[in-house]
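Visitor:
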Amino acid sequence: MEILTNLINGMSLGSVYAIIALGYTMVYGIAKMLNFAHGDVIMVGAYICFCAISYLGLPAIAAVLLAVVGCTVLGIVVERLAYKPLRDAPSLNVLITAIGVSYFLQNAALIIMGSDPKSFSSIISLPALRLFDGKLVISATTVLTIVACVVVMVALTFFTTKTKMGKAMRACSEDRGAATLMGINVNSTISMVFAIGSGLAAIAGVLLCSAYPTLMPTTGSMPGIKAFTAAVLGGIGSIPGAALGGVLLGIIEIFARAYIGTQIADAVVFAVLIVMLLIRPAGLLGKDIHEKV
Amino acid sequence: MSKFSDFAKARREGTKMVPVPSVSIMPERDLGKAPALECLHLGIDFGGLKAVDDFNITVGKTEICGLIGPNGAGKTTVFNLLTKVYTPTRGTIMVDGHDTAGMGPARVNQLGVARTFQNIRLFNSLTVEENVQIGLHNRIRCGMVPGILRLPRYWKSEREFHEQALELLDFFGMADLAGHEAGSLPYGAQRRLEIVRALATGPKLLLLDEPAAGMNPSETAELMENIVKIRDQFQIAIMLIEHDMSLVMNICEGICVLNFGKIIAKGTPEEIQANPQVIEAYLGSGAQGGAGAPKGGEAA
Amino acid sequence: MKKISKTTWSTISTYALVIVAFIAVQVLSGAGLISHSLQGQLVPICAYVCLAVSLNLVVGISGELSLGHAGFMSVGAFTGVIVAACLARAGVEAEVLIFAVSAVVGAVVAGVIGLIVGIPVMRLRGDYLAIVTLAFGEIIKNLLNIIYIGVDDAGLHFSMRDSASLGMEQGTIIINGPKGAVGIDKISTFVMGIVLVLITVAVVLNLVHSRSGRAIMAVRDNRIAAESVGINVTKYRLMAFAVASALAGAAGVLYAMNYSTIIPSQFDFNQSILILVYVVLGGMGNVRGSIIAAAFLTVLPELLRPINDYRMLLYAVVLILVMVVPHLKVYQRFVDMIRVRVLKRSAASEGAAAAEGGASHE
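Chains as they are written, first to last, in our numbering: chain A, 5 to 297; chain B, 550 to 849; chain C, 764 to 1125.
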């Protein structure tokens, strides 16, 4: 039973990572940049939700929607102001800009919300699920997180394969120049990707803080890094890869915490990543692209 | 061109290609020496597609050999196999009598295979001289520690690097460009620099991938002269891929024609020009001569 | 010949920059013009300069994105602390000697760890390499979190559980798990810092202008071409990585010896990123740029202290603007305008009619 509990908890944490990793992987796929500020968008989403409930007294659903809208707008604004001028700049300059944005968001949150951790009361008030005569208790948050991840995955897969905008996105990530020649508006497509990624980050933020209810300006950075790791593990640029990598990483992390030790759980997670990458250098579902000679 | 045709004719008259059992042909002067290159049943598959299959060739110690064929025939793939950029699926490559099985590109170069690239690959942010010095890397030794501590060994090696690089550049009339950034050179000079860099590694076999691509007739003529000059001066074998048939027919002693990854003909330029299979490969069946056929141009 | 003099000039100016900065600081602090808080920043500035210069060897010269430099810094820092504690216990009193030995040992250990980490890492490329260096940095940090080391008359004691299981009666605990290294003798001085900066700069510049350095840059510029001329790509990528790790280790020792306590979580991903920012801001492969950027950006938060609450926010804004502004169309047009003006003026000042005519034809 203990193993099963850990497995389910791992899947739940992994689902959060997966949702965040989707944002990383989509942005990487299309803009070829590592958006290190993505983790902080999670934090912003969680704060918006927190404020909406505590100060405005909105119902949970409305608060989540507000967080999604807020983060989507934030994603588009950040992309327009900070990343768009750097479209043709070396990738490291874009990386540094993303780090600048990350610092900015963290410190803005610090000034506005203060450094003391806010306790995020779970917005999910459903009763926990009890199975096997109460031997296996799964909290509603856990269930909802996994469900949310599945829904997001299905929706995204549908979006990228079936809709016009989704096809444009895939075209841009394949070859931006050729996509432009085919009449695709690359700038609006990239904005779209940032919007989707940031909206997902808001959902991830709410889910994360429901499971781990302390909210600080730095809340987003570690899950952000882990989700980035998950995206790479799955093969960066690949949407199913991000989901697979996220879930795997979550399960490994929970098991490492339970059976090896809380202190070095992260070390185990990263060690697994390294071993996996040495076996499959392009990630689990990534395409290994050979340079043409 | 006419001045050059005479030169090429004289060159070819000096060479006598003789049939060798199991090898097909080789210049008479190279008989009795280990061939520079020997390929046996070389092949590579790209996911079920046999990009190169049953590739057998022998290149004499000082032979200039041409590798021709229509676009997509697998010529560059052969070069990539010879230099181990791709690992062959099957077959053997012998360089100067040594089997290269299990070696990477760097080891194969140390064994004596140097190449140029179809799309120029220079060290663009470094100077012309530094590019050549990197070619000399394995011929002048100086470890990391003497380099960092600036021991006498370092100064001695740097002097050698400088002198030998300039000597090589001078051979191609590029000494005055030594301090320029390689990426800023005009196209023709970049192609020449690639050859100089390859030569700096002290090869026994030089592979040139479309050396005349994008050159005008006078530059091509100069290149032809240079290729023969390299062979005479350094006494090495040269294998080249080229679409400019006048160049191939004029300076190559042996020619190998590739189509769909397989060798369809081997022989002297005269034999190749008369080969019906080759004409068919270039023009398709039923065609009667034409601009694209591997004719010798004015020289024939 | 022109090119050689150019490199030599840039080398000399780099050394001169460090020495002039040193003299300037000495004069200013002699005149009492340097604030107390800035005085305290002098050694960290030197440490960050060393870190930036050494990371530039990996990122700028070798062309690999490394996100785990702080990990090697921490390896050096903790090793140095242990060595210094042992030396002090053994009765060595000369601080310069303690520092020198600690720095050398710290550098060697960090270099060896860099080599061990580098062997698997160098099989990967680009962003995958970046993520693995990040992962190694985090692993090193996590491992340091569970290491307990103490020293008593019987020698060194080591544990991975807690300080109680070290089994010492009267010894001192040097490294106390997540609480880090405690009770460090603060022996780092500005002079030691400057010497370490000079050594770091010399190692990097000498390496770059040698046979090995050319090979490293060849691999960066075109890996396939480098292999084709017989360069062992893995060897030279690894060389740059290990040398940079060793230099980071030495810088870590300098940094650690400036504080009485250091904790493993100081050397996290954000620290690595901070160093990377110096390198990118200073210019890839540009040693002088790294020095200036590291020094300036370490001082900047101090200078912004009057607006304490907003200083990190402003720092972030500066960072974004420095990256974004040069790519704005408005800015580019402005620069072009200035350039044209200056050209016109210089052409006019030459007074030649031909130059005048040429400019107006344009």
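Cβ atoms here follow ideal geometry from the backbone N, Cα and C, with glycine treated the same way.
Determine the direct distance from the alpha carbon of Val1050/C to that of Ile23/A, and round the result to whole angstroms.
Guide: Position 19 of the first sequence, counting from 1, holds the residue named residue 23/A. Position 287 of the third sequence, counting from 1, holds the residue named residue 1050/C. In a straight line, the C-alpha of Ile23/A is about 40 Å away from that of Val1050/C.
Visitor: Taking 8 Å as the limit between beta carbons, can you name the residues of its chain near Val964/C, skipping five residues before and five after?
Guide: As a position in the third sequence, residue 964/C is number 201, starting the count at 1. So the list reads Thr777, Tyr778, Val781, Val816, Val1050, Ile1054, once near-sequence residues are dropped.
Visitor: Counting only beta-carbon atoms, is Tyr1022/C nearer than 9 Å to chain A?
Guide: Within the third sequence, the letter at position 259 stands for residue 1022/C. Cβ-Cβ to chain A under 9 Å: no for Tyr1022/C.
Visitor: For Ala849/B, would you say it is in contact with chain C, using Cβ-to-Cβ distances shorter than 9 Å as the test?
Guide: On the second sequence, residue 849/B is found 300 positions in, with the first residue counted as 1. For Ala849/B, the pLDDT reaches just 33, beneath the cut-off of 50, and the residue's location in the model is therefore unreliable, although a value from the coordinates is still provided. Chain C, which has no Cβ nearer than 9 Å to the Cβ of Ala849/B, makes this no.
Visitor: Would you grab the beta carbon distance between Val914/C and Cys849/C for me? Rounded to a whole angstrom, and I think it's under 8 Å.
Guide: Taking the first residue of the third sequence as position 1, residue 914/C is located at position 151. Taking the first residue of the third sequence as position 1, residue 849/C is located at position 86. With 8 Å as the limit, Val914/C and Cys849/C qualify as a contact, their Cβ atoms being about 6 Å apart.
Visitor: Just grab the DSSP bridge partners of Ala833/C for me.
Guide: Sequence index remark: in the third sequence, residue 833/C carries index 70 (1-based). Paired residues: none, contrary to the question.
Visitor: Check the DSSP bridge columns for Ala786/B and list the partner residues they point to.
Guide: One-based indexing of the second sequence puts residue 786/B at position 237. Leu754/B.
Visitor: Quick check on the DSSP output: what are the complete alpha helix (DSSP H) runs of length 4 or more inside the stretch 655-716 of chain B, in order along the chain?
Guide: Entirely contained in the stretch 655-716 of chain B, the alpha helix (DSSP H) runs reaching 4 residues are, in chain order, 677-684, 693-698.
Visitor: Using the beta-carbon of each residue, which ones in chain B are nearer than 8 Å to Asn969/C?
Guide: Counting from one through the third sequence, the residue named residue 969/C turns up at place 206. Going along chain B in sequence order, the residues near Asn969/C (Cβ under 8 Å) are Gly696, Ile697, Leu698, Arg699.
Visitor: Could you tell me which of Pro760/B, Gly751/B, Asn605/B sits nearest to Met794/B, measuring between CA atoms?
Guide: Taking the second sequence and counting its residues from 1, one reaches residue 794/B at position 245. The shortest Cα separation from Met794/B among Pro760/B, Gly751/B, Asn605/B belongs to Pro760/B.
Visitor: Report, in whole angstroms, the separation of the C-beta atoms of Cys588/B and Glu802/B, which I expect to be a contact under 8 Å.
Guide: What you label residue 588/B is simply residue 39 of the second sequence in a count that begins at 1. What you label residue 802/B is simply residue 253 of the second sequence in a count that begins at 1. Incorrect: roughly 18 Å between the Cβ atoms, too far for contact.
Visitor: For His1124/C, count neighbouring Cβ atoms within 10 angstroms of its own Cβ and tell me buried if that reaches 16, exposed if not.
Guide: Taking the first residue of the third sequence as position 1, residue 1124/C is located at position 361. Low confidence applies to His1124/C: its pLDDT is 44, below 50, so where it sits in the model is not reliable, and the reading given next is rough at best. Flag for His1124/C reads exposed.
Visitor: Within its chain, find whatever has a CB closer than 8 Å to the CB of Val871/C; leave out the 5 residues flanking it on each side and keep chain order.
Guide: As a first step, residue 871/C must be located in the third sequence, where it is residue number 108. Answer for Val871/C: Ala1009, Gly1012, listed in chain order.
Visitor: Alpha carbon to alpha carbon, how far is Ser16/A from Asp890/C?
Guide: For the purposes of this step, residue 16/A is taken as the residue at position 12 of the first sequence. For the purposes of this step, residue 890/C is taken as the residue at position 127 of the third sequence. Between Ser16/A and Asp890/C, the C-alpha separation is close to 27 Å.
Visitor: What three-state label does DSSP hand Glu1119/C in the structure shown?
Guide: In the third sequence, the residue the question calls residue 1119/C occupies position 356. Residue confidence is low: Glu1119/C scores 42 on pLDDT, short of 50, so the model does not pin down where it sits. No coordinate-derived value is stated.
Visitor: Hey, which unbroken runs of the alpha helix (DSSP H) at 4 residues or more fall wholly within the stretch 216-291 of chain A?
Guide: Runs of the alpha helix (DSSP H) inside the stretch 216-291 of chain A: 225-238, 243-263, 269-283.
Visitor: Grab me the residues of Ala1056/C's own chain with a C-beta within less than 6 Å of its C-beta, minus the 5 sequence neighbours each way, in chain order.
Guide: Translated into positions along the third sequence, residue 1056/C becomes position 293. Within the same chain, Ala1056/C has close Cβ partners Tyr1041, Leu1044, Gly1045.
Visitor: In three-state DSSP terms, what is Val608/B?
Guide: Within the second sequence, the letter at position 59 stands for residue 608/B. In the structure shown, Val608/B sits in a strand (DSSP, three-state: E or B).
Visitor: Could you check the C-alpha separation between Asp719/B and Phe666/B for me, to the nearest Å?
Guide: Start at 1 with the first residue of the second sequence, and residue 719/B comes out as number 170. Start at 1 with the first residue of the second sequence, and residue 666/B comes out as number 117. Computed Cα separation, rounded: 22 Å.
Visitor: As an exercise, report each continuous alpha helix (DSSP H) stretch of at least 4 residues that is fully enclosed by the stretch 87-155 of chain A, in chain order.
Guide: List check, alpha helix (DSSP H) in window: 95-117.
Visitor: Report the partner residues of Ile613/B according to the DSSP bridge assignment.
Guide: As a working mapping, residue 613/B is identified with position 64 in the second sequence. BP columns for Ile613/B point to Ile787/B.
Visitor: From Val1098/C to Val1085/C, what does the alpha carbon distance come to, in whole angstroms?
Guide: For the purposes of this step, residue 1098/C is identified with residue 335 of the third sequence, where counting begins at 1. For the purposes of this step, residue 1085/C is identified with residue 322 of the third sequence, where counting begins at 1. The alpha-carbon atoms of Val1098/C and Val1085/C are separated by roughly 15 Å.
Visitor: From His729/B to Asn680/B, what distance separates their C-alpha atoms?
Guide: Sequence index remark: in the second sequence, residue 729/B carries index 180 (1-based). Sequence index remark: in the second sequence, residue 680/B carries index 131 (1-based). Taking the straight line from one Cα to the other gives about 11 Å.
Visitor: Which residues in chain C sit within 9 Å of Gly307/A, going by Cβ to Cβ distance?
Guide: Only positions 5 to 297 of chain A appear in the structure, and residue 307/A is not among them; the question remains open.
Visitor: Just mark Gly250/A as buried or exposed, buried being the case when its beta carbon has 16 or more other beta carbons within 10 Å.
Guide: The count along the first sequence starts at 1 and reaches residue 250/A at position 246. It is buried - the Cβ of Gly250/A has at least 16 other Cβ atoms within 10 Å.
Visitor: When DSSP builds the beta bridges, which residues end up paired with Gly592/B?
Guide: As a first step, residue 592/B is located in the second sequence; it is residue number 43 there, counting from the start. In the DSSP output, where bridge partners are listed per residue, Gly592/B has Arg639/B.
Visitor: Please decide whether Asp1072/C counts as near chain A, where near means a Cβ-Cβ distance under 9 Å.
Guide: Within the third sequence, residue 1072/C is the residue found at index 309, counting from 1. Asp1072/C counts as touching chain A.
Visitor: Assuming Ile903/C and Gly834/C form a contact by the criterion Cβ under 8 Å, report the distance between their Cβ atoms to the nearest whole angstrom.
Guide: One-based indexing of the third sequence puts residue 903/C at position 140. One-based indexing of the third sequence puts residue 834/C at position 71. Right, their Cβ atoms sit about 4 Å apart.
Visitor: Return helix, strand or coil for Met30/A, following the three-state DSSP convention.
Guide: Counting from one through the first sequence, the residue named residue 30/A turns up at place 26. Correct three-state label for Met30/A: helix.
Visitor: Assign Glu990/C to buried or exposed, taking buried as 16 or more other Cβ atoms, counted over all protein chains shown, within 10 Å of its Cβ.
Guide: Walking along the third sequence from the start, residue 990/C turns up at place 227. Glu990/C should be labelled buried.
Visitor: Tell me the residue span of the beta strand (DSSP E) that contains Met955/C.
Guide: Mapped onto the third sequence, residue 955/C falls at position 192. Counting along the chain, Met955/C falls outside any beta strand (DSSP E), though it belongs to the alpha helix (DSSP H) covering 953-971.
Visitor: From which residue to which residue does the alpha helix (DSSP H) around Met566/B run?
Guide: Translated into the one-based positions of the second sequence, residue 566/B becomes position 17. Not the alpha helix (DSSP H): Met566/B falls in the beta strand (DSSP E), residues 566-569.
Visitor: By how many angstroms is the C-alpha of Leu90/A removed from the C-alpha of Val20/A?
Guide: Locating residue 20/A in the first sequence gives position 16, counting from the first residue. Locating residue 90/A in the first sequence gives position 86, counting from the first residue. Each residue's Cα considered, the two are about 30 Å apart.
Visitor: For Val236/A and Ala271/A, what's the separation of their Cα atoms in angstroms?
Guide: As a working mapping, residue 236/A is identified with position 232 in the first sequence. As a working mapping, residue 271/A is identified with position 267 in the first sequence. Rounded to whole angstroms, Val236/A to Ala271/A spans 17 Å at the Cα level.
Visitor: Using a Cβ-Cβ distance cut-off of 9 Å, determine whether Phe108/A contacts chain C.
Guide: As a working note, residue 108/A is residue 104 in the first sequence. Chain C, which has a Cβ nearer than 9 Å to the Cβ of Phe108/A, makes this yes.
Visitor: Quick one: using the 10 Å Cβ neighbour count with 16 as the cut-off for buried, is Gly838/B buried or exposed?
Guide: Along the second sequence, one-based indexing puts residue 838/B at 289. The pLDDT assigned to Gly838/B is 45, lower than 50, so where the model puts this residue is not dependable; a value taken from the coordinates is nonetheless given after this. Gly838/B should be labelled exposed.
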